[in-house]
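Data block below; observations after.
Residue numbers (my numbering), protein chains in the order written: chain A, 105 to 214; chain B, 2 to 115.
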């Protein structure tokens, strides 16, 4: 059974703080993804990675960066958090097209 | 880039009736179309998918149809039950450099009335 975990379920940060969201998968998947989920907007792709140290921009990369130093771990970084980054963040890994999602991190930026 | 539009945004049906959710996509190179279900407070999970070489696929009470010419695909749920209440996302996958990325629709909140 695929397991994707995220470092926090809930997070509250102040404007301007640097924020790290971590995602770990245990199935040796090569592809990993970060999405944000907002009501009425669905799941929007921020960044994805198809191999260690490789990354590609998704549809809304502005204000975010990522790091993939190990195959099982994919980190999302908010360099300077802003209130419009308050959202639910979902990580996923994929194999043979199927996406396996983590439980999500609800981030509030005040 | 690829764009996926999903309708309706909300849908309420009587228990036992059928529900249909429709999606259109923009990139004719898309070749994989999954549907995800997200129950309240839970993570999205794949419920059914279809590839571009197939026009229809069924799994018990759910079915998906694909019209490549028109670039649209639909999810059909028959004999709806309370546990079908959830948000449903369609998606289209496009190959991108060394990986494929999936573009999701905006979601449909399905409510089943008892």
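Positions of the beta carbon are idealized from the N, C-alpha and C atoms, including for glycine.
- Residue 40 of chain B sits in coil when the DSSP states are folded into three classes, being neither helix nor strand.
- C-alpha of residue 80 of chain B to C-alpha of residue 123 of chain A: approximately 45 Å in a straight line.
- Residue 104 of chain B places its beta carbon less than 9 Å from that of residue 94 of chain B.
- In this structure, the beta-carbon distance from residue 67 of chain B to residue 53 of chain B falls below 9 Å.
- If the five residues before and after residue 174 of chain A are omitted, its C-beta is found closer than 8 Å to the C-beta atoms of 156, all from its own chain and listed in chain order.
- Collapsing the DSSP output to three states places residue 190 of chain A in coil.
- For the set B:28, B:32, B:40 and B:83, the Cα lying nearest the Cα of residue 114 of chain B is the one of B:83.
- Neighbours of residue 207 of chain A across chain B, judged by C-beta separation under 7 Å: 44.
- Taking 8 Å as the upper bound on Cβ-Cβ separation, chain A lies near residues 47 and 50 of the segment 47 to 67 of chain B.
- It is roughly 10 Å from the alpha-carbon of residue 37 of chain B to the alpha-carbon of residue 87 of chain B.
- Following the DSSP letters along the chain, one finds residue 64 of chain B inside the beta strand (DSSP E) bounded by residues 63 to 68.
- Of all residues in the segment 160 to 178 of chain A, those with a C-beta nearer than 9 Å to a C-beta of chain B are 160, 162 and 163, reading in chain order.
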